[in-house]
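A quick write-up on the structure given underneath.
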Amino acid sequence: MSTIPTILAGITGIFFLLLFIQRLVGRTFCALCASVSLAWLTLFVLYRLGQEIDPAILGVLMGASVTGALYMLSGKLPERFRLFKLPFFLSGILAVYALLGIQGDMLSATGLLLVLWTVFAAAYAVRHQPAMGRVVQRIIACCRDW
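Mapping the sequence shown onto full-length UniProt numbering, position 90 (from 1) lands on 90, and the numbers just tick up by one.
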């Protein structure tokens, strides 16, 4: 069974190893994101192989990667596409839920996400209309202006 101190120590070790590797290869990447991803990928494989891994810590680490991916994409995409942060994030959460094999109402959740993506795509399509433009700008500003 993996314990929290062991997992945290492992992530810390991977983090510093990746910082060293960055310097060695002359390439930059987020060592924190890579450390967390490597940790949950390792734990996920062990979990699937029948090892006793707490699915809560696995879900927390996977959710952290979803959040990290959201922020990475937000920084790389033009601002107008940041409108889609909510459906992207919720899709990631549902993907984590599915990967963990947790039984739930996946069909309804998937349907809800399809509706959400459709609504946000429609808002994006009419974002130049004054009233909708204000709503779109408020959604985009959500994580930027606090």
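We put the CB at the ideal spot given by N, CA and C, even for glycine. Nothing here was measured: the structure is a model prediction, and the numbers come from that model.
Other residues of its chain near residue i: CB distance less than 7 Å, five sequence neighbours each side excluded
i	result
Leu100	Pro55, Leu58, Gly59
Arg82	Ser74, Ile140
Gly104	Tyr97
Ile11	Ser35, Val36, Ala39
Residue i vs residue j beta-carbon contact at 8 Å
i	j	result
Val65	Val36	It is Ser, not Val, that sits at residue 65 in the sequence shown. A contact, by the Cβ cut-off of 8 Å.
Ile7	Ala39	yes
Ala9	Leu19	no
Gly50	Ala69	no
Residues near residue i in its chain [Cβ-Cβ closer than 6 Å; skip 5 each side]
i	result
Arg127	Gly133, Val136
Arg80	none
Straight-line Cα distance separating residue j from residue i
i	j	result
Gly13	Leu112	40 Å
Pro78	Met106	31 Å
Pro5	Phe16	17 Å
Thr28	Gln22	6 Å
Leu116	Leu94	13 Å
Gly63	Leu43	14 Å
Ala131	Arg144	21 Å
Arg138	Leu114	22 Å
Leu41	Gln129	44 Å
Leu61	Val45	14 Å
Arg48	Ile102	13 Å
Ala125	Thr3	48 Å
Ala109	Tyr71	23 Å
Lys76	Thr67	14 Å
Contacting residues, own chain, Cβ-Cβ under 8 Å from residue i (five flanking each side not counted)
i	result
Leu142	It should be noted that the sequence gives Cys, not Leu, for residue 142. Around Cys142: Lys85.
Can we say the segment 84-100 touches the segment 117-125, given the rule of at least three CB pairs closer than 8 Å?
Yes: the two stretches touch, three or more of their Cβ pairs being nearer than 8 Å.
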